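Chemist:
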Amino acid sequence: MAKNRSRSRIPILVFLYIAILVPIIPIVMWSFAFRWPYPNLLPTWSTRAWDYVFSQPAILSSVGTSIVVSTLVTMLTLIIGYSAAKALGTREFKGKTTVEIFILLPAIVPVISAVMGMQGIFIRIYLSDSLLGVVLAQTVFTLPYLILGLAAVFKNYNMEYEQVASTLGADRWKILTEVTIPAIFPGLVVSCLFAFVVSWSQYLLTLMIGGAAVNTLPLELFALMTSQDYPVACAVSIIFILPVLILLGLTSKFLTTNGVAKGGINQI
Amino acid sequence: MKETKTWVMLLPAILVISILFIIPLIYTVLLSLNFFSITSNQTISLQAYVNILTSSTFIDSLVFSLEIALISTVASILIAIAVSMTLRRTFIGRRLSLFVYQYNIPVPHYVVAISVLLLFTQTGLVSRWFYALGLISSSSEFPMIVFDQNGIGIMIAFILKFFPFIGIAILSLLLTTIDDYEQQAATLGANRTQRFIHVLLPMMMPSILFSSILVFAYAFGSYEVPFLLGATYPKVLAILAYQKFTDIDLNSRPEAMAIANIMTIIIVVLVIIAYLQLNAMNRIRVKQNGEE
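Residue numbers (the working numbering), protein chains in the order written: chain D, 592 to 859; chain E, 5 to 296.
(1) Per DSSP, which one or two residues make a beta bridge with Ile635/D?
(2) Nearest by alpha-carbon distance to Phe645/D: which of Leu841/D, Met620/D, Val827/D is it?
(3) Quick one: measure Cβ to Cβ for Gly724/D and Ile800/D, integer angstroms, because I've assumed they're closer than 8 angstroms.
(4) What number of angstroms, rounded off, separates the C-alpha of Leu15/E from the C-alpha of Ala194/E?
(5) Using the Cα positions of Glu259/E and Lys239/E, report the straight-line distance between them to the nearest angstrom.
(6) Please compile the residues from chain D whose C-beta is within a distance smaller than 7 angstroms of the C-beta of Thr90/E.
(7) Using the beta-carbon of each residue, which ones in chain D are nearer than 9 angstroms to Pro16/E?
(8) The alpha helix (DSSP H) spanning Val115/E covers which residue range?
(9) Could you pull out every unbroken alpha helix (DSSP H) segment of at least 4 residues lying fully inside the region 33-98 of chain E, listed in chain order?
(10) Could you check whether Pro110/E and Ile832/D sit closer than 9 angstroms to each other, using their CB atoms as the reference points?
(11) Given 8 angstroms as the limit, tell me if Ser143/E has its C-beta closer than that to any heavy atom belonging to the ligand FAD.
(12) Would Val789/D and Thr268/E be called neighbours here (beta carbons separated by less than 9 angstroms)?
(13) How many angstroms separate the CA atom of Arg99/E from the CA atom of Leu70/E?
(14) Which value, in whole angstroms, describes the spacing of the CA atoms of Val690/D and Ile27/E?
(15) Check whether chain D comes within 9 angstroms of Leu70/E, counting only Cβ atoms and requiring the distance to be less than that.
(16) At 7 angstroms on the CB atoms, spell out the chain D contacts of Glu228/E, in chain order.
(17) 9 angstroms is my cut-off, CB to CB: does Met285/E come that close to chain D?
(18) Tell whether a beta-carbon distance below 9 angstroms holds between Gly128/E and Pro617/D.
(19) Let me know the secondary structure DSSP gives Tyr717/D once reduced to three states.
(20) Closer than 9 angstroms by beta-carbon distance: list the chain E residues that pair up with Thr638/D, in chain order.
(21) Quick one: which chain E residues come within Cβ less than 8 angstroms of Ala698/D?
(22) I'd like to know whether the C-beta of Phe831/D is nearer than 9 angstroms to at least one C-beta of chain E.
(23) Check whether the Cβ atoms of Gln793/D and Gln729/D sit closer than 9 angstroms, and answer yes or no.
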């Protein structure tokens, strides 16, 4: 029987590898394609797309803009969301479910539903077509992920350490930097990474709030897809997902031991 | 050290969400009611809703969006359960499998959509493989998977993205808490099916439900994926709303807002129901744990 069971696992594992890895193939191949007429299995190879990407100031500067925007968004999200995450993770109080649903709203209400009204208001208060406007708008949509993720981390955190430190005469800042942050560090990193990724991949929001003024990488990518320049679009896609994958690789230790996988979203 | 009050700790987040998110939603409602009309001086009007709800384009889009969201979510849950159940007992190549399972979680949905586009159009990579194998003799014989009226391409992209997201949540449970309970049930003589239905599934439910809410809401409201993979008709609601919003005819703006509000209401109602269900489940679980 044990043998049977292990055999029935193989098709599912094969499915997993195909479902995840096969989608990478056309992206990589197209990024090195010059022309690729049907029904050829292989393109005529060329590095045109890559040469173009690295010589095109618009694309290079959009990488910079994306990094600046997503870093600012992550920092702002952490500053705004940290104390709420701690309250939700370590305390029981009346109306907690209502607060949780309220904080979850930006993550579940479609971006399109909120962004039209947002644009109208941002135009009135001169925040549209500006980097600041885009950062503020994105922060709203990253907050739920950071708060609920970090709240789950705080559930496994022992508040007594802080009380002990306090009795020993540590002030709030010392407790935060020398007790709390070291204790939750892996979970904190993963939650921030989550916020960063959500910000990094925003398209519609940036398009409608930033207008032509804030050109992030997703905007470049959609422009290339619309003009059907697949080789360059695929090269940009690779540039786009590489940093996130590198970050994932660096934090995969956290993912499996302390972060999203173990104590993360599912415990909320 | 005096303890900070709970509401003070919650305040920054609640304030920011209220100002930058709730107020725009209210503003959208007002715009949909023609509150700030520049073309007429009539006050509140439900005309936009009447126009929308009586148009077959809107109804088709509504059904299409719900269909896509429902099918993608259910299929993703089933695949996630199957893969997670398999991976928890896989020991050879497990680290690699776990990494592969997590790989596309940070990859944006529309990058997966680009992959689906390049794989499954009639001149896509899969069509070329079929041609090379002699299964088809021209690209037009390859079925319409992308840009099709049934939204199959859109659903494939969603499922590829969603099943690892739901699956990782399930797997982490399977690898930690649930295992002990299952061992106990096995000792008491429960067979595999019984253990799955009476032990594993109930314990996985809250986490499946929570990740399904996020996934369903995303599939229902996504603009980017249908933009890349959708047919010209029917359109998903997000695309329909965006097109009405950017229409040269300013009179269609209230209709765009009306669609947006209907989407918001549908999602919020679903989430509240799911959340109440989730809380009920957690309460039962706490109760059961208390009795032990």
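Ideal Cβ positions, reconstructed from N, Cα and C, are used throughout, including at glycine.
Just so it is clear, the structure is predicted and the values come from calculations on it, not from any experiment.
Modeler: Inspection of the coordinates gives the following:
(1) Reading off the sequence, residue 635/D comes out as Thr, not Ile. Answer is Arg626/D.
(2) Minimum Cα distance to Phe645/D is reached at Val827/D.
(3) About 5 angstroms separates the two Cβ atoms, so the contact holds.
(4) In a straight line, the C-alpha of Leu15/E is about 49 angstroms away from that of Ala194/E.
(5) When rounded, the distance between both Cα atoms is 15 angstroms.
(6) Within chain D, the residues near Thr90/E are Arg600, Ile603, Leu604.
(7) One finds Ile670, Ile671, Gly672, Tyr673, Ser674, Ala675 in chain D with Cβ atoms closer than 9 angstroms to the Cβ of Pro16/E, taken in chain order.
(8) In the DSSP assignment, Val115/E falls within the alpha helix (DSSP H) that extends over 113-124.
(9) Within the region 33-98 of chain E, the complete alpha helix (DSSP H) segments of 4 residues or longer fall at 51-57, 60-91, listed in chain order.
(10) Contact flag set, yes.
(11) What this structure holds is no ligand at all, so the ligand FAD is not there to describe.
(12) No, they are not a contact pair.
(13) Taking the straight line joining both Cα atoms gives about 37 angstroms.
(14) Between Val690/D and Ile27/E, the C-alpha separation is close to 17 angstroms.
(15) Interface residue (Cβ-Cβ distance to chain D less than 9 angstroms): Leu70/E is not classified as such.
(16) Against chain D, the beta carbon of Glu228/E has neighbours under 7 angstroms at Tyr794, Leu795, listed in chain order.
(17) Under the 9 angstroms criterion on CB atoms, Met285/E is classed as non-interfacial with respect to chain D.
(18) Result yes, Cβ atoms of Gly128/E and Pro617/D sit closer than 9 angstroms.
(19) Tyr717/D falls in the coil class under three-state DSSP.
(20) Those within 9 angstroms of Thr638/D in chain E number zero; the least Cβ separation is about 19 angstroms.
(21) Chain E residues near Ala698/D: Leu218, Ala221.
(22) Closer than 9 angstroms: yes.
(23) Result yes, Cβ atoms of Gln793/D and Gln729/D sit closer than 9 angstroms.
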